[in-house]
Every structure is written in C-alpha cells, then in structure tokens.
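For the sequence shown, our numbering begins at 3 and goes up steadily by one.
One structure below.
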Amino acid sequence: MRIPLLSWLFLIPICLILLGVEIDVVYGQCLSHQQSLLLQLKNDPAFNATESKKLKQWNQSSDCCLWDGVTCDDKGRVTGLSLSNESISGDIDNSSLFNLQHLESLDLSYNNFNSTIPARIGNLTALSYLNLSNAGFGGQIPKEISQLTRLVILDLSTLSFLQISSLKLEDPNLRMLAQNLSQLEELYLDSVNISAAGGEWCQALSSSVTKLQVLSLTNCFLSGPIDQSLENLRSLSVIRLDNNNLNASVPEFFSSFTNLTSLRLSSCGLEGVFPKKIFQVRTLKVIDISNNQLLKGSLPEFQRNNALQRVVLRQTNVSGELPTSIGNLLNLSRLELAYCQFTGRLPNSMEKLTQLAFLDLSVNNFTGPIPSFNMSKNLTELVLSYNGLTGEILSVHWEGLLKLLVLDLRNNLLSGSIPPSLFALPSLQKIQLSFNQFSGQVLEFQTPSSSILETLDLSGNNLEGPLPNSFFELRKLKILSLSSNKFNGTMQFDVIQRLSNLTTLDLSYNSLSVNAWDSSSSLPSFPNISTLKLASCKLTTFPNLKNQSKLVFLDLSDNQIYGEIPNWIWELGNGLLFHLNLSHNHLISLQEPYVLSSSLFVLDLHFNQLHGKIPVLPPVCTYIDFSGNNFSSSIPADIGNYLNITIFFSVSNNKLTGVIPDSICNAIYLQVLDLSDNSLSSKIPECIPAMSQTLGVLNLRRNNFRGLIPNTFPVNCTLETLDFNGNSIEGEIPNSLASCTRLEVLDLGNNMLTGNFSCFLKNISTLRVLVLRSNRFQGRIGCLNNSGNWEMLQIVDLAHNNFSGDLLGNCLKRWQAMMVDNAHKLKHLSFEFLELSQSRYYQDAVTVTFKGLEIKLQKILTLFTSIDLSGNHLIGPIPEEVGLLRALYVLNLSSNALTGGIPSSIGNLSQLESLDLSSNNLNGSIPESLASLTFLSFLNLSFNQLVGLIPYGTQIQTFSPDSFAGNKALCGVPLSVNCNATDSEAKILPEFSGLKFAWQSIYTGIGFGVGGGALFALLMFWEEGRNWLEDSIDKILLVVLPMMGYTYKPRHEWDDEDEEDTEDEDSDFFEDHELDEMEDEYLQGRYCVFCSKLDISRKKVIHDPRCTCQSPFVSSSSFSSSSSSGST
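The structure is reproduced here in structure tokens:
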C-alpha cells in the first residue's frame, strides 16, 4: 500500500518527537543521588569561580548529565568527569568524588590540589582512564592505584618546568604499581621520582603491562642500561625517556618494534654508536636523541616510503655527510642537526623536502653552496649558521617562501651581494647574515614600510657604500646591527628616530661619520632604545641622550670625543645604566657633580687623558678598566669596599703612587688584577698572592716594588699569568708558587732575584712562557731529576743572569712545544674571565728584543717559540739535542763561554728566523746544514773561533759581513777575505794524507790532459765550434753562479763599459724596482710569525703580504722577552 506524500509529511514531526523520547531513554536523566554527589564535590574543594568554566555552571535546577564536564551512561549514572584546568585547590581526601562508583574516566589535570593523591582513589575500580597530571599532587603514589585493574590509560605526569610538587614511587615501587595493570596501554609518569636501575624498571614493565603502547617516563631519575627484557613490549609505539641518566648505549632491538612511531631519548647521557636500523623503521615519525654529546653515529640511506616527520639530533656527536637519499623524506617537517659533527656539502636533493617547516644545521662543518629551498613553502625557520658554507645567496632561492620567519646564515663564508628581494619576504622577522664575506652595496628595496622585519644583522662583512634609506623605513625594526663593515658617508643621527620600535643599534667600526645633534637642538625621540653602539664612528661630541629612560648599554669608544664626561650620562636608563664604554677617546675629566650609576656592571674608560684622583667606584661593578690614563693619585685606602663583586680591575699605565692598600684583598671574586706601569712602591702585601685562589691574572710589572715575593700562594692557586717584571724585588722565588699548577705565563724578569734554577716548578705542566732575565740567578740550567716536564713551554728567557755549567740535552728534549709545528692549532695566550661574554678576555703580550729593536707583540701566538740564554757563564758544547726543536723560531746563546763546534743538527730547525751564537769560543767550520735554513732572517756568529769557508746557500750570503766578524780564519762571501790555496789545502790535505800514488789515476789524468789540449787547439781555429762551447758555458754558469750568491751576465750582454756607465737614472730605478719586487715575491712565499695576526673571530691566521721577515743586520743584538698584558 502506498502512503501519499502528504501523509509522509505529517508523519515526520511525529517520528522526530518519538525519536527525541527515545534519546532521553538512551541517556536517561541524571539520578538524584549522582547529582547530589556532584554538588557536594562542587562545594567541597575550593575553586576560583572567576577562572572556572565548568564547576561554576553546575546547579540543581538542571540535569547533571547535561553539565559541562560530566558524562552519564544510559541509566543516568556518572561515568565520566573532566575537570581539567578548573583552578581547584585543597584537600579532597573526604570528597564525595570517590563515591561515584561507576566512574570510568576521571580527569583532574592542571589544578593545584597541593596534597597527596588520596588512597580512596582505589574505590573507583571501574576506571579505565585516570589523568592526574600537573594537578599539584605530591609525595608517595598510593598503592591503591594498583587496584584499578581496568585502567587503560594512566597519567600521573608533571611538566618539569612547572615545579608544582614531586610525586615518587618508593613503596610501592614501579613493579608493585604495575603488577595488576595488565590492561594498561598508555603510561605517563613524567617527572615522577622512580629512581630505579635499568634492569629493575625494564623488568617491572615487561612482566606486567605487556599491552603497553605508550611509555612516557621523562625525568624520572632512571638509570641504565636499557634491559633486554623491554623487548617483550612488542606493541610499543611511543617511547619517551628524556632527561634520565641512562649513561648507556641505545639497544638495537628498538628497531624491531614494528609499530614504533615516536622515540625520544634526549639528554640521557647516551653513548656508543646509535643503530642506523632505527632510522629505517617504516612507521617511525619522530626521533629525538638530542643533547647526548657522547653519542656517535651517522645517517643511513633513507628509503622512499620512510614516514619520518621530525628528526632532532641536536648536540650529539653524530658525524659524516648528509646522504643524498635525505630527499626521500617527503614527510619531513623538522630537521634539527645543530651542534653535531657533520661535514661535506648540503645535497641538492634537499630541494625535494616540500613539507619542511623548520631546518637547523648550525654549528657543523658543512661546506659548499646552499641549495634552493623555494619548494618548501611551509618553511618558517632556516638556520645554517656557524658552518663553512660558500657561494652566493641568489634571489631565486627564496622566492615563494611566504611563511619564512627566521633566516640565520651567520658565521659562514658566503659572498656576493645581498639580494634586495630578501627584504621583501612578507613574513620575515629576522635576517642574520653577520660574519660572512658579503660585499658591495646594499641596494634600496621596495615597500620597506610594510615589512614586519624585527632583526637585521649584517655585521662583520665587507659591505660598502652609503646606508640605504630603506633601513630607516622598517617601522617594526627592533635590532639593527651593521658593525664591522665598510659602510661610508655621513649619517645624521636623528634619522634613527623614524625607527620608533628600535631597541638595539650598532654602527660600530665602519667608515661612517655620524653627526650627533647639538645639545641646544630639540631632542630626537628614541622611546625604546636600550643598546646603542657607535664605536669608531668619528664622533667629536657626545650625542645628547638625556632622558633616554630605557638606554642601559652605551658604547662610544674609539672616537674623537674631547672634554668632560657629562654628568647626565650616569642617569641614563633612569639610573639603571649597566654598561658604559668610553675608551679610546680624548676625555680629560668627569663633569662635577657626579654620582656613578649604582647599577653599572661594566665601566670602561681606558686610553683617555683622565687625570687627578681615581673616581669613586660604582658599588656592584664587575668590570672596571681605567688603564692608559693620567691618574696621578694613590689608590684609595678603602677601594676594596667597592670591589665586592668585581671580576676585572685594571688601573695600569697611569701615574699612580703610594702603596697597594690591604683592602684590595677584600675583592674575593677578582679574577684579573692589573696595576702595572705605575709608580707604586713598598712591599707587595702578603694577602695579594693569597688572592690567587680566585685570581687568574696578577700583573704588577714596571713599578717600584721591593722586598720579597710573599710565600703565601694558596694550595688551590688558580693563577694563569703572574707578571712582576721590572721592579726591585729581591730574594728567592717562593716555594708556594709550585701550587699554581695552572700557570701559563711566569715573568719575573728585570728584578734582583737570587737562587738556583727553579726546579721546584717543573711539575707545572701548563707553563708556556718563562721569563727570568736580568736577575741574579746562578747554578746550572735544568734539573738532573727527569721527573716532571714543561712540554708546553714555548718561550724561555733566562738571559743576563749568572747561570753556569753546560747545557743539558735531556732538558731540551722535554720541551715538546718547540718540536712540533702547531700552526694548525693557532691561538693566542689569553685568560677569559667572563664566560658569558666571549669578548671579555685578558690578553697576554710579550716584549722582544729582536735584531736590536724592542718589539711588543700584543698577542702571544702559541706557535711562537724562542730560547734566550744569552749573557750568562755557560760552558761546554752546544748539545746535539737542540736539533730536535724543529719548531723553534729564535735561538740566542750569545755572550757565554760555549766551546766546540756548531752542531750540524741546527740545520733541522726549519722554522728558525733568528740565530745568535756570537761572543762565545765556538770553533771549527760553519756546518753546511746552516745554509739550508731558508727562513733565517737574522744571523750573528761574530766573535768566535770559526774557520774555513762560509757555506753557500740561498740565504746565508745575504747577511752583512758583521755577522761573521771576529772570526779570523773565516773566508768567503759575504766577507772580503777570499779563500786562498792554503785555506783550500787545509780543507783538502787531511783527506789525502797517508795515501799512496794511484798510477792508474795518473795515467788517466794525463790522457785527459792531452785530449783537452788537442780540443783547445781545434777550437782556436774552428769559430763555429768555439761559439757553441761559449754558449754552453754561459748556460751552465747562469744556473750555477746564482745558486752560490753571484751574478753572471751571458756573453752577448758584455757591452762596452762606456755604454754601461751612461745608463740613466730611470733605468737604474726600474732595475732596482724589479729586484725589490722579486725579493718581495720570494719573501711573501713563506710564513713569518712577526707578520701574522688573527682575524676577528680569533680562529684564523692572516699573514700580511706587505710584511717581510728579511731585515738588515744590527750588530751586537740579542733576543729578550718579557710579558705584558692588556684586556679586550
């Protein structure tokens, strides 16, 4: 029977009504006693009604099954309760909650109960889901939870950074908790203190919760190794064990978990080699093994069907190259390999990673060009800093990256120009391109006013030209750093007021001229500026920065500012100024009245012309540098009261007088104390050496101190540099100095110290510089006992003492640093005293007398090595072991009483630049090996008893005759004394003395003579043959004579003498100029320590091509050294 359409329309409302009735029957109405329990629950614990979203809406007038957070079954019984983040607090031990017997799901997470978990939780035996995470529960987890045998999901975790309260598992322990939870599939106990060994916690889980799929035990004080029994949990898909002290290797059986989707093992102290097979688990999406510095390994070849989405290996020792197959990770969204040991080029296959959103490959050893990422449309952060990447950054590589927020390419070797299109990316907030090799002008770019760029760092490049006006249209810009480039032109300082959001501005070290506004003009507005760096900007006056209420960091160093320091400067930042650097200007005084900012942490006024008394110090300053001024007062007696937290204090190179006040010893945190180059006098206070339990540098050089060095160096001495050079200190070196086992530089030169060689210091294995010159030491150099060594010693200066006896070859054999060329490990000797700031280090220096000139090397290169034992009473031969010192640059044994010959092993010193053996009693001939020292630029063998022919070589004939003066039996170039027959016989006759005639040889000689005579007669009459012979002789002499230091012109250049004499001065000039260029070319081909410096990163050596190591001889010269220091 058909039902008419109108009848159907009539029946629809009736069906809907009936259906609604049926729904009410299915879910039922909340039972009254269930509603009553819920209302009691609402009234029992305290909750914040303003922050609660659910509890505050519960009321008796409505059905409780309709309340937010409540779930009921079909009989009206409450089966689910979700009260997460309801600001509930207080004790719930007696709560009606535990009378809800039918609860299957309970979520009380993110509250603040501040109590233990109630034991009555065990009454809720129907629970399958229990979430008490981050709810403020603490103390022991109750054993009653183990009675909840239906639990499928248990979450008792706490976010470690919340630090609410800590749960622990002691009694019961993990085994007792899990023994009845056989249905458990997900277990979250993060930040619960379990404190169990690997075998214990692994077996507790594998024997009870065999259905477990999610295991999350981060920060649970677990230890390793991971037990093999864990392999029984075959259903595991998520493993999180971060922040435990496993201190073990990663088991390979993890790769057998066929359902594994997430593996997180960060900060676990993992070691050994990470199994490659784990990367190849087909279901794995997330792997995080970061912050395991001892974990090694490499990346495998990736298959096409790999599911990986997040790979985080940050701060591990994983190495090798990125495989080309990394392009097969088509689902990859996050790749984080920072602070690893990867090498090689970035594969072009990375261009296929279209889902990539975050890429961080910083601090590795990647090389080559950057591949294009313009297909990765979801990319938000690209960080490739601190590598060795090269090439240009082409504009096409960045097209379409509309979501890119951060571009960080700092500290690479990238070159070329910066494409203007880079600034046009609409979402870009940070551009960091500092310390590369970018060059050329930065061009204007379009629509800068619409850009949301917040950070622009182009410092440390070779950019030039004027600053683009577009920079000052970036309205959102907060940080602008353009320092250490070649930008030029003049900039009006008030142009910066367009950048109203600017907090940091650094224009230092360019060729810019910044015009500060006149103090009488209206003040520009910089409402948010907190850091201003204008070092080396050709400022002549102070910018008027009055009323800059947020300015707390100001650097105006290396300018041309004259006059007074204005007193308003101490009020910057509303009196919260913490960093002020006005060094390297022409300031003469502080404007009165003044009160230094009480919040100053760094105050740097060094190298000005400040005079008078030392200013009153700020109370909490950690860094104070007043060196290089004209302060002429005494050090205030109470100065120690202002150095309570000071780490660095220098008043060196002033005109201070008086004594060191005892109060300075109250500076218990002081690491650098430099009072050098003043006129301080009296004795060194006994408490000063005692400060070296924190001091790393103590420099009192070039004062008028007298008396003894106090014997008060502590057992836990931390000194690295001790410099008392240039005083009138007497007595012996104190025995307590042997406790300073970190000492690198010891300079006690130019005093009146006595005693024997300081063998008691031989166990200071870190010693690099030992200067004891110009004292009254005596006895033998070296120690008979072979224990201890100075294997790092690189500079030894014991000149002008009363040392005697012969040199010990065994002593030289222990100076390892002079045997190995460490150019690849080049660095400067320095003391870093602020670990948080790499720019804060105390720089050791050395003053050398080289070629008769005193030169101050501002930085001691670790490859610079020298030995100066001149001006003593040494006797005996020069030991052959000196030839082991292959990395030695300077050797001076002059003005002693050494005898015997010059050892041929000196020819092994391939790096030697200066050799002075003058004024001894050396005899014999000069060894041929000396002629092979091609780096030698200074030689003095004068006033000995050397004989015979000066050997021929590429270098030795270029020295002045004064280098060989005072040796009556020497002959040959460069001396004017020719070697005659007697000299030749003296050398030849000993070889043939005692030999009988060899008649066969005589007959052979006669035959050659007759044949030669016949040939000579033939050539006299055969012109073509004569010409051929003369040309052949020319060719031979053109090769041989220059090798012996002579010049030779071929026969066709033997022009008439008159024509040669009439050469004009221009011709002479060009010949000389050509010769100079040839010499320069020769000298530039070698590495000279005196012509080198480090680049801005203090990691790479730069050799000055205009610098030459060749120098004319200066008579009676010697090498001497004494260390001095400065701060940077």
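Backbone N, C-alpha and C define an ideal beta-carbon position, used for all residues, glycine too.
The DSSP assignment places complete beta strand (DSSP E) segments of no fewer than 3 residues inside the stretch 470-548 at 481-483, 488-494, 506-508, 513-517, 533-535, in order along the chain.
If you ignore the 5 residues before and after Lys488, its C-beta comes within less than 7 angstroms of the C-beta of Asn464, Leu465, Glu466, Asn512, Ser513, all in its own chain and listed in chain order. The residue among Phe580, Thr723, Lys552 with its C-alpha nearest the C-alpha of Ser694 is Thr723.
Our two residues, Leu57 and Gln142, have alpha carbons roughly 28 angstroms apart in a direct line. Setting aside the 5 residues that flank it on each side, Asn50 is surrounded in the same chain by Ser89, each with a C-beta closer than 7 angstroms to its C-beta; the list follows chain order. Between Phe651 and Leu675, the beta carbon gap of about 6 angstroms places them in contact (Cβ cut-off 8 angstroms). Beta-bridge partners assigned by DSSP to Lys379: none are found. Here Leu403 is buried. Its C-beta has 16 or more other C-beta atoms within 10 Å. Fully contained in the stretch 345-374 are the following beta strand (DSSP E) runs of length 3 or more, in chain order: 360-362, 367-370.
In this structure Leu589 touches Ile567 by the C-beta definition: roughly 6 angstroms separates them, less than 8 angstroms. At a Cβ-Cβ threshold of 8 angstroms, Pro736 and Phe715 count as neighbours. Tyr644 carries a helical assignment under DSSP once its states are collapsed to helix, strand and coil. Residue burial is scored here from C-beta neighbours: Ile666 has at least 16 other C-beta atoms within 10 angstroms and is therefore classed as buried. Inter-residue distance for Ala309 and Leu469 is about 48 angstroms (C-alpha atoms, whole angstroms). Taking a C-beta distance under 8 angstroms as the contact criterion, Leu895 and Ile880 qualify as a contact pair.
When only Cα atoms are considered, Ser585 and Ile531 end up about 22 angstroms apart.
Counting only residues of its own chain and dropping the five nearest sequence neighbours on each side, Phe259 has a CB closer than 6 angstroms to the CB of Leu238. Comparing C-alpha distances from Leu272 to each of Ser264, Leu286, Asn293 shows the shortest one belongs to Asn293. For Ser920, the closest C-alpha among the options Phe255, Asn898, Tyr625, Thr127 is that of Asn898. Under the criterion of beta carbons closer than 8 angstroms, Ile686 and Pro712 qualify as touching, at roughly 6 angstroms. When rounded, the separation of the alpha-carbon atoms in Phe528 and Asn765 is 58 angstroms. According to the DSSP assignment, Cys973 belongs to the beta strand (DSSP E) that extends over 971-973.
Fully contained in the stretch 170-254 are the following beta strand (DSSP E) runs of length 3 or more, in chain order: 188-190, 216-218, 240-242. Beta-bridge partners assigned by DSSP to Cys74: Val80. Less than 8 angstroms divides the Cβ of Leu171 from the Cβ of Val194. Just so you know, the alpha carbons of Leu68 and Gln59 end up roughly 11 angstroms apart. Around the beta-carbon of Thr127, fewer than 16 other beta-carbon atoms lie within 10 Å, marking it exposed. By alpha-carbon distance to Cys74, the top candidate from Cys32, Met493, Ser84, Thr648 is Cys32. By the neighbour-count criterion, in which 16 or more other beta carbons inside 10 Å mark a residue as buried, Met754 falls on the exposed side.
By the CB criterion at 8 angstroms, Phe255 and Leu265 fall outside the cutoff. Of Gly346, Leu348, Leu363, the smallest CA-CA separation from Leu337 is found for Leu363.
One Cα belongs to Tyr341, the other to Val314, and the distance between them is close to 11 angstroms. In this structure, DSSP gives Lys279 a helical state, which the three-state scheme calls helix. Annotation: Leu150 to Thr285 spans about 32 angstroms, alpha carbon to alpha carbon. The beta-carbon separation of Gly728 and Arg704, rounded to 4 angstroms, stays under the 8 angstroms limit for a contact.
For Thr118, same chain residues with a beta-carbon under 8 angstroms away, outside a window of 5 residues either side, are Phe139, Gly140, Gly141, Gln142, Pro144 in chain order.
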